[in-house]
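Enquirer:
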């Protein structure tokens, strides 16, 4: 991470997505983590390949990158 960590401003959202030092970083409040869990549970119950655009919900901070959580069915390899 950077030498000086800039704490996310959660006054207008509960999740902030960043790229820092070649890492995808997810910063969240308890409410934001709960939303991520809820999105993941919904995707797990879905049939087929599904996805959720996080910017479609009022949960990202002003400085957050846009983000997608996607579910894919695992493809079996032929032996």
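Residue numbers (the working numbering): 1 to 79.
Don't be surprised by glycine CBs; every beta carbon is placed ideally from N, CA and C.
1) Distance, Cα to Cα, residue 73 vs residue 47?
2) My parser needs the beta strand (DSSP E) runs of 3 or more residues fully inside the region 31-71; what are they?
3) Please work out which residues of its chain come closer than 6 Å, Cβ to Cβ, to residue 27, disregarding the five sequence neighbours upstream and downstream, and give them in chain order.
4) Is the separation between the beta-carbon of residue 59 and that of residue 43 shorter than 8 Å?
5) Within the 8 Å Cβ cut-off, does residue 21 reach chain B?
Expert: Here's the rundown:
1) 9 Å
2) 50-53, 68-71
3) 8, 16
4) no
5) No chain B appears in this structure, which consists of one protein chain only.
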